[in-house]
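Peer 1: Note that this note's numbering numbers the sequence shown so that position 84 is 1307, with each residue one more than the last.
The structure that follows is given in the form of structure tokens.
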Amino acid sequence: VKTKFTDATTLLKDVCNLAPDDVAPSDILNQLDEKIIEMLGQNQSESGAAKDGLDISLLSINLRTKSIRACSARRPIVVIKDQDIITISGIKRSIGDTEPIFRERAFVDTELQLHSGDCIYMYSDGYSDQFGGNDGAKLKNAKVKKFLRAIHDDDMDEQSLTMQELFMQWKGYYPQTDDVLFMGLRL
């Protein structure tokens, strides 16, 4: 049995495999958007349309020049450049969202010139939306960025362990509410 996640992963692979090497992340998200709408039947009448979508961040990195192009649908990309935190917020629209007010919002690329040692972080909403702490609140992006600011100079393996530990401490005895993916890389 295929889940929507595995179907979306397959669609993303298909779009990426057919794209030229220098394709913009926004072009990939636009193509993925069209395919998700078709897969979920969201181009059908109101009664047959699914109300579902995909939040995703995508970036391309030119390792020679250390420049990035990033595009995001409802997921932040956090960059720590020269000790400054830059958040690429993307647009407030999911892939596959058919609401007219959201369809008017185009996926756009953000370009940044980075340097050796700068860090890039991307994570699923399962990390920032996890309930926990003393009052059962969501972790939220502001706390995640605070954690990253504190540890970004550490070795990447240490950062990975720290972010896992912080998540588990925050979650405590609360059930995990969603899938969790957290990626970080240093140029």
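Glycine residues also receive a C-beta, built at the ideal position from the N, C-alpha and C atoms.
Keep in mind that this is a model prediction, so the values were computed, not measured.
Can you tell me the Cα-Cα spacing of residue 1271 and residue 1398, whole angstroms?
Peer 2: Caution applies to residue 1271, whose pLDDT of 48 falls short of 50 and renders its modelled position unreliable; the value that the coordinates give is listed next. The alpha-carbon atoms of residue 1271 and residue 1398 are separated by roughly 33 Å.
Peer 1: Where does the unbroken beta strand (DSSP E) through residue 1329 begin, and where does it stop?
Peer 2: Here residue 1329 belongs to no beta strand (DSSP E), and DSSP marks it neither H nor E.
Peer 1: Do you know how far the Cα of residue 1290 is from the Cα of residue 1336?
Peer 2: When rounded, the distance between both Cα atoms is 4 Å.
Peer 1: Taking Cβ to Cβ, would you say residue 1256 is nearer than 8 Å to residue 1356?
Peer 2: Their beta carbons are not under 8 Å apart, which means residue 1256 does not touch residue 1356 by this criterion.
Peer 1: Starting from the Cα of residue 1285, find the closest Cα among 1370, 1402, 1244, 1331 and give me that residue.
Peer 2: Residue 1244 is the option with its Cα nearest to residue 1285.
Peer 1: Find the nearest neighbour of residue 1204 within the set 1287, 1382, 1394, 1388, judged by alpha-carbon distance.
Peer 2: Outside the modelled stretch of the chain, which goes from 1224 to 1410, sits residue 1204, for which no answer is possible.
Peer 1: Figure out for me which residue from 1307, 1325, 1283, 1303 has the closest Cα to the Cα of residue 1297.
Peer 2: For the residues 1307, 1325, 1283, 1303, the minimum Cα distance to residue 1297 belongs to 1325.
Peer 1: Out of 1260, 1376, 1277, 1322, point me to the one whose CA is closest to residue 1349's CA.
Peer 2: Answer by Cα proximity: 1277.
Peer 1: Of all the alpha helix (DSSP H) runs that stay within the bounds of the stretch 1338–1401, which reach a length of 4 or more residues?
Peer 2: Runs of the alpha helix (DSSP H) inside the stretch 1338–1401: 1348–1351, 1364–1374, 1379–1394.
Peer 1: Could you tell me which residues DSSP pairs with residue 1304 in its beta bridges?
Peer 2: 1307, per the DSSP bridge assignment.
Peer 1: Would you call residue 1387 buried or exposed, if buried means 16 or more other Cβ atoms sit within 10 Å of its Cβ?
Peer 2: Result: exposed.
Peer 1: Are the Cβ atoms of residue 1292 and residue 1314 separated by less than 8 Å?
Peer 2: No.
Peer 1: With DSSP collapsed to three states, give me the class of residue 1334.
Peer 2: Looking at residue 1334 - three-state DSSP - the assignment turns out to be strand.
Peer 1: How big is the Cα-Cα spacing for residue 1340 and residue 1366?
Peer 2: Their backbone Cα atoms lie some 22 Å apart in a straight line.
Peer 1: What residue from 1330, 1287, 1260 has the CA that sits closest to residue 1281's CA?
Peer 2: Nearest option by C-alpha distance: 1330.
Peer 1: Since residue 1253 sits in a beta bridge, which residues does DSSP pair it with?
Peer 2: Note: residue 1253 sits in no beta bridge, so no partner.
Peer 1: In the structure shown, what three-state DSSP assignment does residue 1235 receive?
Peer 2: In the structure shown, residue 1235 sits in a helix (DSSP, three-state: H, G or I).
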